[in-house]
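Following: one structure in structure tokens, then a few remarks.
In the working numbering, the protein residues as written are 208 to 351.
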């Protein structure tokens with residue numbers, strides 16, 4: 208019986224190529240999102256009435272007043288999307304380049320008076336990513 212030997216060059220070609228365990232099908236990096244988000248809260252000193260509640264028209268009115276006071280007609284023309292108004296909290300979307308001006312306008316706004324009590328919006332958090340703001344309720348009580 209004769210033995211046939213396979214030359215070394217042919218042996219390496221018969222092995223199956225080794226595949227990686229995972230593959231990237233598509234990778235996408237968003238460096239500059241189109242919009243930014245702000246979470247605000249209505250603050251009032253009216254202790255005799257029920258808890259303050261916001262609706263979309265109030266949020267729009269308060270934000271427009273703050274932007275007009277801070278930036279004039281240019282600020283009043285800033286595009287603003289009200290995503291949600293629930294109780295004393297509201298979430299809005301503004302163009303990303305305008306977030307700094309928007310937050311400064313809301314912070315500088317002196318508010319309004321309703322039923323003899325001052326009411327103003329307070330910025331709780333701002334972010335370019337809505338997901339970074341969601342689910343962070345109660346973090347301020349974590350270490351208390």
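Glycine is no exception: its CB is placed at the ideal position from the N, C-alpha and C atoms.
With a 10 Å radius around the Cβ and a threshold of 16 neighbouring Cβ atoms, residue 268 comes out exposed. Counting every other CB atom within 10 Å of its CB across the protein chains shown gives residue 235 a total below 16, marking it as exposed. By the criterion of a C-beta distance shorter than 6 Å, residue 315 is surrounded in its chain by 277, once the five residues flanking it on both sides are discounted. In this chain, the alpha helix (DSSP H) harbouring residue 270 covers 263-278. Of the residues assessed, residue 237 falls on the exposed side of the cut-off, its CB having fewer than 16 other CB atoms within 10 angstroms.
Put simply, of 319, 274, 259, 325 the residue whose alpha carbon is nearest the alpha carbon of residue 301 is 274.
Under DSSP, residue 250 shares a beta bridge with 327. Counting the other CB atoms within 10 Å of its CB gives residue 230 a total below 16, which places it among the exposed residues. Residue 336 counts as exposed, since fewer than 16 other beta carbons sit within 10 angstroms of its beta carbon. In the DSSP assignment, residue 230 forms no beta bridge with any residue. The criterion of a C-beta distance shorter than 7 Å is satisfied by residue 326 and residue 251. Residue 282 is classed as buried because its beta carbon has at least 16 other beta carbons within 10 Å across all chains shown. In this structure, residue 310 lies away from residue 259, with their beta-carbon atoms at least 7 Å apart.
Straight across, the Cα-Cα distance linking residue 287 with residue 323 is about 29 Å.
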